[in-house]
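Input: a single structure, listed below in structure tokens.
Chains as they are written, first to last, in our numbering: chain A, 45 to 283; chain B, 943 to 1146.
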């Protein structure tokens, strides 16, 4: 078996290990509880990127080889003249066959690396894109500041993206002069009965100035209370 | 109405200043008096009407906010299509843009730009040259194969206000269905899209 074929097969065997890390990354995201986000896996992410670089290192020389082989093959084929002996014609055919087979195994090798790279790219993109979706939904629930424990789980780029998205949302709401982050559930009653959990202090609400002290039970406008309830600073009481 | 035990509040936006004051007075008096005072039925009736008015306004507000929110969420989650529309000038994207308000167009533009920048910073800039496109898997791709379109062939529940007669569904293989007034149908969205756009059919 010539060496080019061996290399093709070796690539194929190694490929069984290719893409595994990328799968792990995607699986990690998929197995997260709904509504929760896991920490950005910097290590695994970097490893997948390293794999991509590795694929490129294999891919580039292979592509060069393929081009050379294609050129050689074309040259040999164009030599197919009329005035050659039977012997020479047979020799040329043999040469073409072996060239084609070498070309094929290199093409397969290159294809394996290219497809693995592309698969890794899709996994990385899916990971970042789906996390971005979760981050966007956070923008609806909290004000412009993320709670500390969520901040720890995001990468630097993700924290940046969150800030940008909140700014985009706020810009839209400012244009309309309408808050869209309140009023998230259909109203039954304009007022709710709440117990204040955290000591919030004096606050200007939509219709009054109130002293939101710990343990106080009050009637507030639903839209005023909503954000506090979502953030756990108040709890709604059955009225 | 104000929270228990609080000082006098400012007038409600859409209630007569005297309404709330009168109710507060009645409430204060009732709390302080040792015996039961006369029931002011007029006042109670008016107050209840005011609250009902507030509730209707509240509900309308909720509807408005929810309508705008649902649209925004669709923009956000279809950022992929937006990414494409940022780069091309297909007739389809012009049609899509016509459906948006001016502010929504700006929002969609910024949303897509934010996401594109984020994907580039996190992933694409770290990949080899030929693989850095956010629309194509690699430079060898013949079309935008990293982006998906919204699925229009999902089934939706719909109802028509009027009798619409024979209507041919998209697949062309089955016979046309007859759409009666007020009956509920489950149909593929793609088939009835034009009817929804002209307001002849409502989605439930």
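For every residue, glycine included, the Cβ atom is placed at its ideal position computed from N, Cα and C. These numbers come from a predicted model, not from an experiment.
Within-8 Å CB hit, residue i to chain E
{"i": "residue 964 of chain B", "result": "In the structure shown, chain E cannot be found, because the protein chains are A and B."}
Residue of the options minimising C-alpha distance to residue i
{"i": "residue 105 of chain A", "options": "A/153, A/72, A/86 and A/275", "result": "A/153"}
{"i": "residue 150 of chain A", "options": "A/133, A/180, A/186 and A/112", "result": "A/112"}
{"i": "residue 1037 of chain B", "options": "B/1139, B/1146, B/1144 and B/1143", "result": "B/1139"}
{"i": "residue 210 of chain A", "options": "A/228, A/200, A/136 and A/190", "result": "A/190"}
{"i": "residue 241 of chain A", "options": "A/262, A/234 and A/226", "result": "A/262"}
{"i": "residue 267 of chain A", "options": "B/978, B/1007, B/965 and B/969", "result": "B/1007"}
{"i": "residue 1133 of chain B", "options": "B/986, B/1010 and B/1116", "result": "B/1116"}
{"i": "residue 166 of chain A", "options": "B/1040, B/1073, B/1058 and B/1144", "result": "B/1073"}
{"i": "residue 85 of chain A", "options": "A/239, A/172, A/98 and A/163", "result": "A/172"}
{"i": "residue 92 of chain A", "options": "A/147, A/69 and A/74", "result": "A/69"}
{"i": "residue 1095 of chain B", "options": "B/1126, B/995, B/1130 and B/1082", "result": "B/1130"}
{"i": "residue 1039 of chain B", "options": "B/1059, B/1058 and B/1017", "result": "B/1017"}
Which of helix, strand or coil DSSP assigns to residue i
{"i": "residue 193 of chain A", "result": "helix"}
{"i": "residue 226 of chain A", "result": "coil"}
{"i": "residue 183 of chain A", "result": "helix"}
{"i": "residue 131 of chain A", "result": "helix"}
{"i": "residue 62 of chain A", "result": "coil"}
{"i": "residue 280 of chain A", "result": "strand"}
{"i": "residue 198 of chain A", "result": "coil"}
{"i": "residue 104 of chain A", "result": "helix"}
{"i": "residue 111 of chain A", "result": "helix"}
{"i": "residue 237 of chain A", "result": "strand"}
{"i": "residue 981 of chain B", "result": "coil"}
{"i": "residue 264 of chain A", "result": "strand"}
{"i": "residue 98 of chain A", "result": "helix"}
{"i": "residue 85 of chain A", "result": "coil"}
{"i": "residue 995 of chain B", "result": "helix"}
{"i": "residue 246 of chain A", "result": "strand"}
{"i": "residue 254 of chain A", "result": "strand"}
{"i": "residue 203 of chain A", "result": "helix"}
{"i": "residue 221 of chain A", "result": "coil"}
{"i": "residue 275 of chain A", "result": "coil"}
{"i": "residue 91 of chain A", "result": "helix"}
Nearest-angstrom Cα separation, counted from residue j out to residue i
{"i": "residue 250 of chain A", "j": "residue 991 of chain B", "result": "21 Å"}
{"i": "residue 103 of chain A", "j": "residue 65 of chain A", "result": "20 Å"}
{"i": "residue 270 of chain A", "j": "residue 1003 of chain B", "result": "15 Å"}
{"i": "residue 254 of chain A", "j": "residue 275 of chain A", "result": "18 Å"}
{"i": "residue 224 of chain A", "j": "residue 215 of chain A", "result": "12 Å"}
{"i": "residue 983 of chain B", "j": "residue 976 of chain B", "result": "21 Å"}
{"i": "residue 247 of chain A", "j": "residue 1050 of chain B", "result": "34 Å"}
{"i": "residue 265 of chain A", "j": "residue 966 of chain B", "result": "17 Å"}
{"i": "residue 231 of chain A", "j": "residue 1111 of chain B", "result": "39 Å"}
{"i": "residue 1048 of chain B", "j": "residue 1067 of chain B", "result": "26 Å"}
{"i": "residue 1101 of chain B", "j": "residue 205 of chain A", "result": "41 Å"}
{"i": "residue 257 of chain A", "j": "residue 278 of chain A", "result": "10 Å"}
{"i": "residue 999 of chain B", "j": "residue 1013 of chain B", "result": "21 Å"}
{"i": "residue 1084 of chain B", "j": "residue 159 of chain A", "result": "15 Å"}
{"i": "residue 974 of chain B", "j": "residue 234 of chain A", "result": "27 Å"}
{"i": "residue 981 of chain B", "j": "residue 177 of chain A", "result": "56 Å"}
{"i": "residue 1011 of chain B", "j": "residue 213 of chain A", "result": "10 Å"}
{"i": "residue 115 of chain A", "j": "residue 155 of chain A", "result": "19 Å"}
{"i": "residue 161 of chain A", "j": "residue 185 of chain A", "result": "37 Å"}
{"i": "residue 1118 of chain B", "j": "residue 1107 of chain B", "result": "9 Å"}
{"i": "residue 1056 of chain B", "j": "residue 208 of chain A", "result": "7 Å"}
{"i": "residue 73 of chain A", "j": "residue 170 of chain A", "result": "9 Å"}
{"i": "residue 1097 of chain B", "j": "residue 986 of chain B", "result": "49 Å"}
{"i": "residue 272 of chain A", "j": "residue 229 of chain A", "result": "15 Å"}
{"i": "residue 1136 of chain B", "j": "residue 90 of chain A", "result": "48 Å"}
{"i": "residue 1078 of chain B", "j": "residue 1058 of chain B", "result": "13 Å"}
{"i": "residue 245 of chain A", "j": "residue 996 of chain B", "result": "27 Å"}
{"i": "residue 98 of chain A", "j": "residue 123 of chain A", "result": "39 Å"}
{"i": "residue 281 of chain A", "j": "residue 243 of chain A", "result": "17 Å"}
Presumed contact (8 Å Cβ cut-off) between residue i and residue j, rounded CB distance
{"i": "residue 1105 of chain B", "j": "residue 1122 of chain B", "result": "6 Å"}
{"i": "residue 175 of chain A", "j": "residue 137 of chain A", "result": "Not really, about 57 Å apart at Cβ, beyond 8 Å."}
{"i": "residue 144 of chain A", "j": "residue 101 of chain A", "result": "Contact flag wrong, Cβ pair sits at about 26 Å."}
{"i": "residue 1045 of chain B", "j": "residue 1061 of chain B", "result": "Between residue 1061 of chain B and residue 1045 of chain B the Cβ distance is about 25 Å, and since that is not below 8 Å, they are no contact."}
{"i": "residue 963 of chain B", "j": "residue 988 of chain B", "result": "Incorrect: roughly 12 Å between the Cβ atoms, too far for contact."}
{"i": "residue 1069 of chain B", "j": "residue 76 of chain A", "result": "In fact, because the Cβ distance is near 25 Å, the residues do not count as touching under 8 Å."}
{"i": "residue 1020 of chain B", "j": "residue 199 of chain A", "result": "With a Cβ gap of about 24 Å, residue 1020 of chain B and residue 199 of chain A do not count as contacting."}
{"i": "residue 147 of chain A", "j": "residue 120 of chain A", "result": "Actually they are not in contact, since the Cβ atoms of residue 147 of chain A and residue 120 of chain A sit about 12 Å apart, beyond 8 Å."}
{"i": "residue 81 of chain A", "j": "residue 194 of chain A", "result": "7 Å"}
Secondary structure, alpha helix (DSSP H): runs of 4+ residues fully inside the stretch 1042-1113 of chain B: The stretch 1042-1113 of chain B contains these whole alpha helix (DSSP H) runs: 1044-1064.
Completely contained alpha helix (DSSP H) runs for the stretch 1120-1146 of chain B, where each covers 4 or more residues: 1131-1139
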